[in-house]
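Only one structure is covered here, and it is reproduced in the block below.
There are 2 protein chains.
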Amino acid sequence: MSNGRPPTSHDVASLAGVSQSTVSLVFRGAASGRVSERTQRAVVDAARQLGFRPNADARRLRTGGPPMVLIAIPDIVNPFFARVFTGARAAAREAGFQVVLSVQRDLDSVAADVTGQRIDAVLACSLQDGGRPLEDPVPAVVLDAEPPQGQSSVRFDIAPALTELVDHLHRLGHRSIAHLRSEVRTATFRERTEAVDAACARRGMNRMPVASALNIDAAREAATALLPAPAGSGGCPPFTAVVCDDDVLSVGVYKAAQDRGLSVPGDLSVSGIDNVDLATAVTPELTTVDLPGEELGATGMHRLIAHLERGGGSRGGTGGAATTECVRLPARLLIRGSTAPPADPASRG
Amino acid sequence: MSNGRPPTSHDVASLAGVSQSTVSLVFRGAASGRVSERTQRAVVDAARQLGFRPNADARRLRTGGPPMVLIAIPDIVNPFFARVFTGARAAAREAGFQVVLSVQRDLDSVAADVTGQRIDAVLACSLQDGGRPLEDPVPAVVLDAEPPQGQSSVRFDIAPALTELVDHLHRLGHRSIAHLRSEVRTATFRERTEAVDAACARRGMNRMPVASALNIDAAREAATALLPAPAGSGGCPPFTAVVCDDDVLSVGVYKAAQDRGLSVPGDLSVSGIDNVDLATAVTPELTTVDLPGEELGATGMHRLIAHLERGGGSRGGTGGAATTECVRLPARLLIRGSTAPPADPASRG
DNA sequence: ATGAAAGCGCTAACAG
DNA sequence: CTGTTAGCGCTTTCAT
Numbered sequence: 001m002s003n004g005r006p007p008t009s010h011d012v013a014s015l016a017g018v019s020q021s022t023v024s025l026v027f028r029g030a031a032s033g034r035v036s037e038r039t040q041r042a043v044v045d046a047a048r049q050l051g052f053r054p055n056a057d058a059r060r061l062r063t064g065g066p067p068m069v070l071i072a073i074p075d076i077v078n079p080f081f082a083r084v085f086t087g088a089r090a091a092a093r094e095a096g097f098q099v100v101l102s103v104q105r106d107l108d109s110v111a112a113d114v115t116g117q118r119i120d121a122v123l124a125c126s127l128q129d130g131g132r133p134l135e136d137p138v139p140a141v142v143l144d145a146e147p148p149q150g151q152s153s154v155r156f157d158i159a160p161a162l163t164e165l166v167d168h169l170h171r172l173g174h175r176s177i178a179h180l181r182s183e184v185r186t187a188t189f190r191e192r193t194e195a196v197d198a199a200c201a202r203r204g205m206n207r208m209p210v211a212s213a214l215n216i217d218a219a220r221e222a223a224t225a226l227l228p229a230p231a232g233s234g235g236c237p238p239f240t241a242v243v244c245d246d247d248v249l250s251v252g253v254y255k256a257a258q259d260r261g262l263s264v265p266g267d268l269s270v271s272g273i274d275n276v277d278l279a280t281a282v283t284p285e286l287t288t289v290d291l292p293g294e295e296l297g298a299t300g301m302h303r304l305i306a307h308l309e310r311g312g313g314s315r316g317g318t319g320g321a322a323t324t325e326c327v328r329l330p331a332r333l334l335i336r337g338s339t340a341p342p343a344d345p346a347s348r349g
Numbered sequence: 001m002s003n004g005r006p007p008t009s010h011d012v013a014s015l016a017g018v019s020q021s022t023v024s025l026v027f028r029g030a031a032s033g034r035v036s037e038r039t040q041r042a043v044v045d046a047a048r049q050l051g052f053r054p055n056a057d058a059r060r061l062r063t064g065g066p067p068m069v070l071i072a073i074p075d076i077v078n079p080f081f082a083r084v085f086t087g088a089r090a091a092a093r094e095a096g097f098q099v100v101l102s103v104q105r106d107l108d109s110v111a112a113d114v115t116g117q118r119i120d121a122v123l124a125c126s127l128q129d130g131g132r133p134l135e136d137p138v139p140a141v142v143l144d145a146e147p148p149q150g151q152s153s154v155r156f157d158i159a160p161a162l163t164e165l166v167d168h169l170h171r172l173g174h175r176s177i178a179h180l181r182s183e184v185r186t187a188t189f190r191e192r193t194e195a196v197d198a199a200c201a202r203r204g205m206n207r208m209p210v211a212s213a214l215n216i217d218a219a220r221e222a223a224t225a226l227l228p229a230p231a232g233s234g235g236c237p238p239f240t241a242v243v244c245d246d247d248v249l250s251v252g253v254y255k256a257a258q259d260r261g262l263s264v265p266g267d268l269s270v271s272g273i274d275n276v277d278l279a280t281a282v283t284p285e286l287t288t289v290d291l292p293g294e295e296l297g298a299t300g301m302h303r304l305i306a307h308l309e310r311g312g313g314s315r316g317g318t319g320g321a322a323t324t325e326c327v328r329l330p331a332r333l334l335i336r337g338s339t340a341p342p343a344d345p346a347s348r349g
């Protein structure tokens with residue numbers, strides 16, 4: 001019976017013995033008081049019989065529909081991005097924007113993800129560096145990353161918190177620390193390294209950098225390699241604290257310390273960045289830098305919308321220089337259980 | 001200068017001094033060898049000048065575009081759903097489907113989320129109970145939940161693992177356990193409760209059920225209330241193990257035990273369900289039931305696609321009874337550090 | 001190498 | 001109450 005292609009309102013109309021526009025009226029919900037009960041039922045029945053669904057593309061071609069904004073995050077597992085998404089979506093909703101979420105690490109994949117979709121604006125969070133800007137003149141705001149072109153961005157100001165952390169460690173007596181970095185090559189992580197390096201230099205502290213992939217197991221391995229061999233080898237590590245670029249890495253260090261029979265924070269102070277669930281789940285709770293992800297998302301979305309409302313369609317020669325702004329959101333150091341003076345202040349002579 | 005509404009290919013055509021169809025040719029990428037270099041440049045320039053972007057809705061109305069499947073998950077923070085999404089998306093991609101993700105707890109919100117979008121099929125994971133089925137005749141498969149109507153579903157078979165867990169505890173000497181349940185009223189959690197109850201009954205074990213919201217803090221509070229007052233009150237808890245409906249809850253119990261000065265697993269055995277990151281981050285690592293989320297997502301998507309390919313458009317009277325299937329995926333018990341015999345087997349006389 | 005013209009399936013006036 | 005009509009912006013023959 002059924003033809004190959006899906007039934008249209010015409011098909012429904014002829015089956016129900018009415019005109020196509022009547023079908024339209026019914027399916028728009030505009031039928032009350034304008035189409036008789038009997039006719040409505042006939043239409044609905046015919047539609048059900050045919051499995052008819054109004055063609056969304058055709059409808060939107062006519063009516064326009066609400067503007068759609070794409071939120072892109074690189075990872076769905078990391079709770080931090082979840083927070084960003086939550087904040088951004090709330091802001092978008094409030095402004096009457098429809099949201100579509102794309103989970104991809106780089107912009108090209110994002111583009112592929114939404115090919116053929118009507119996207120009016122893009123909010124891209126923590127995308128990989130070096131991605132060229134969107135070829136399309138879509139208004140975009142970048143979150144927590146180097147804006148590729150002349151795009152606006154919202155980022156964290158992490159350096160002060162990291163400086164505060166290093167100072168705090170210094171005050172407690174730490175003189176030599178390890179810095180467990182992320183292998184991910186994004187602007188945020190570069191900035192974190194720079195901030196730690198600068199702070200250490202300023203205090204004349206020794207700093208030992210190591211890189212690891214952003215998961216517990218990799219961090220555990222990297223940290224284990226750093227820590228002295230198991231009991232009896234007589235060694236304390238050549239550092240008394242580990243500053244990590246991410247809470248996930250810190251958990252790896254906790255595990256490694258445990259493997260090596262070292263106590264946290266007795267033998268080793270550990271800190272992270274992000275303040276995700278993991279940070280309070282571990283014992284002792286992790287000293288970390290809280291990054292207000294929701295606020296990041298919300299702020300970015302607000303800027304994007306503002307840009308849109310004032311005609312951000314990158315129209316002609318309307319000098320668009322002033323639109324490239326970079327806002328920085330403050331990050332807050334949360335000192336919790338893990339930071340304490342080194343076991344033996346004389347460990348390095 | 002700029003009119004209110006966005007520029008169309010006609011606008012570009014007249015600015016470039018060519019016909020509209022030429023503009024179309026260029027923007028489809030079908031211009032090579034058919035439109036002169038000079039003309040192409042003129043078109044591109046005019047388009048850039050106007051900020052022209054081809055209207056995606058119009059294009060899709062003509063060409064159809066790839067089928068789109070909606071994946072709905074209730075929560076983006078929970079890594080379990082992340083796994084489901086990952087598995088489902090991979091399967092969809094492989095089959096040439098475009099994916100749109102909606103993060104909403106109930107079907108109505110999901111519907112609102114994608115109003116006006118062209119959705120050809122729906123894969124809904126762990127949706128709240130009691131939601132009426134979609135009014136639209138969209139092919140759908142339900143994951144990890146009671147299928148609302150006559151819809152297919154893919155779910156876990158958790159009971160055997162839970163039975164195994166209780167048996168394991170029994171064998172170790174546990175006779176009285178607490179069951180920390182989730183307040184969320186979904187089919188999965190009901191099933192978990194039933195399985196624990198049944199297993200306890202079969203072994204003649206005492207069981208103390210408590211409900212909590214699905215986050216660490218709530219679980220911590222609930223568990224604290226259950227555990228004996230701080231040091232000196234002389235009491236051991238009236239149970240020697242806590243079986244939790246979710247890893248997140250287990251972490252709350254770890255914290256509560258710590259608050260009360262109880263050791264895990266020395267004084268208290270704790271187990272969870274899900275096997276998320278948290279489960280291995282805590283010390284000792286958590287005994288839990290691994291739910292293969294990726295497989296759940298992939299299996300569900302495969303079924304959905306299969307249903308689609310064989311004309312699943314819910315056409316007419318084609319007896320659709322046989323399509324309502326329910327697959328069960330096995331869950332696996334992972335016994336890790338946390339399960340051990342109770343501190344004093346005589347604690348309850 | 002370019003243009004004219006006919007729709008895709010729907011909505012939204014406007015007539016009856 | 002219902003039907004007629006004209007597009008929405010694009011793709012896609014078919015002429016030129």
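Which chain is which? The protein sequence lines are C and A, in order. Each residue of the first sequence is one higher than the one before, starting from 1 at the first, in the UniProt record's numbering. Each residue of the second sequence is one higher than the one before, starting from 1 at the first, in the UniProt record's numbering. For each residue, glycine too, the CB sits at the ideal point set by N, CA and C. Bear in mind the structure is a predicted one, so any value in this text is a computation, not a measurement.
Under 8 Å by Cβ, that's how I've got residue i and residue j pegged, so tell me the actual separation to the nearest angstrom.
{"i": "A/Gly266", "j": "A/Ala223", "result": "About 16 Å separates the two Cβ atoms, so there is no contact after all."}
{"i": "A/Leu278", "j": "C/Asp277", "result": "7 Å"}
{"i": "A/Arg59", "j": "C/Gly150", "result": "Between C/Gly150 and A/Arg59 the Cβ distance is about 28 Å, and since that is not below 8 Å, they are no contact."}
{"i": "C/Ala331", "j": "C/Leu291", "result": "5 Å"}
{"i": "A/Val196", "j": "A/Val242", "result": "Actually they do not touch by this definition, with Cβ atoms about 11 Å apart."}
{"i": "A/Arg202", "j": "A/Pro284", "result": "That belief does not hold up - the Cβ atoms of A/Arg202 and A/Pro284 are roughly 28 Å apart, past 8 Å."}
{"i": "A/Leu329", "j": "A/Phe80", "result": "Actually they do not touch by this definition, with Cβ atoms about 13 Å apart."}
{"i": "C/Ala275", "j": "C/Asp247", "result": "For the record, residue 275 of chain C in the displayed sequence is Asn; it is not Ala. Correct: roughly 7 Å between the Cβ atoms."}
Note the first and the last residue of the continuous alpha helix (DSSP H) segment covering residue i.
{"i": "C/Gln49", "result": "37-50"}
{"i": "C/Ala112", "result": "107-113"}
{"i": "C/Ala16", "result": "9-16"}
{"i": "C/Val122", "result": "Looking at the DSSP string, C/Val122 is not in any alpha helix (DSSP H); the run it does join, the beta strand (DSSP E), is 121-125."}
{"i": "C/Arg240", "result": "Sequence inspection shows Thr at residue 240 of chain C; the Arg mentioned does not correspond to that position. Looking at the DSSP string, C/Thr240 is not in any alpha helix (DSSP H), and its letter there is neither H nor E."}
{"i": "A/Val138", "result": "Run containing A/Val138: none; DSSP gives neither H nor E here."}
{"i": "C/Gln128", "result": "Segment: none, C/Gln128 is in no alpha helix (DSSP H) and carries neither H nor E."}
{"i": "A/Ser21", "result": "20-28"}
Taking residue i as part of the beta strand (DSSP E), name the residues at either end of that continuous run.
{"i": "A/Ala223", "result": "From DSSP, A/Ala223 is part of no beta strand (DSSP E) but of the alpha helix (DSSP H) over 216-226."}
{"i": "C/Val327", "result": "326-330"}
Verify whether the separation of the beta carbon atoms of residue i and residue j is less than 8 Å.
{"i": "C/Leu296", "j": "C/Val154", "result": "yes"}
{"i": "C/Val12", "j": "C/Val43", "result": "yes"}
{"i": "A/Ser182", "j": "A/Leu249", "result": "yes"}
{"i": "C/Pro137", "j": "C/Gln98", "result": "no"}
{"i": "C/Val289", "j": "C/Ala161", "result": "yes"}
{"i": "C/Tyr254", "j": "C/Val210", "result": "no"}
{"i": "A/Asp259", "j": "A/Arg185", "result": "no"}
{"i": "C/Ala56", "j": "A/Arg118", "result": "yes"}
{"i": "C/Ile177", "j": "A/Ala82", "result": "no"}
{"i": "C/Val141", "j": "C/Met205", "result": "no"}
{"i": "A/Leu308", "j": "A/Asp245", "result": "no"}
{"i": "C/Pro74", "j": "C/Gln104", "result": "yes"}
{"i": "C/Ser126", "j": "C/Val114", "result": "no"}
Starting from the beta carbon of residue i, find every residue of chain A whose beta carbon is closer than 7 Å, and list them in chain order.
{"i": "C/Gly65", "result": "Gly116"}
{"i": "C/Pro79", "result": "Val77"}
{"i": "C/Val251", "result": "Ala281"}
Going along chain A, which residues have a C-beta under 9 Å from residue i?
{"i": "C/Leu61", "result": "Asn55, Asp57, Ala58, Arg60, Leu61"}
{"i": "C/Ile216", "result": "Asp277, Thr280, Ala281"}
{"i": "C/Gly107", "result": "The sequence as given places Leu at residue 107 of chain C; Gly does not occur at that position. Chain A residues near C/Leu107: none, gap ~17 Å exceeds 9 Å."}
Residues of chain A with CB under 8 Å from residue i, in chain order?
{"i": "C/Val69", "result": "Within 8 Å Cβ-Cβ: nothing; C/Val69 doesn't reach chain A, min ~13 Å."}
Under 9 Å between beta-carbons, which chain C residues line up against residue i? List them in chain order, please.
{"i": "A/Gln258", "result": "Thr283"}
{"i": "A/Leu101", "result": "Ile76, Val100, Leu101, Ser102, Val103"}
Name the chain C residues whose beta carbon is nearer than 7 Å to that of residue i?
{"i": "A/Ile76", "result": "Ile76, Ala82, Phe85"}
Uninterrupted beta strand (DSSP E) stretches inside the segment 42-103 of chain A (no shorter than 3 residues): 68-73, 98-103
Complete alpha helix (DSSP H) runs within the segment 140-226 of chain C (minimum length 4 residues, chain order): 159-172, 187-203, 216-226
Every unbroken alpha helix (DSSP H) inside the segment 244-307 of chain A [4 residues or more]: 247-259, 277-281
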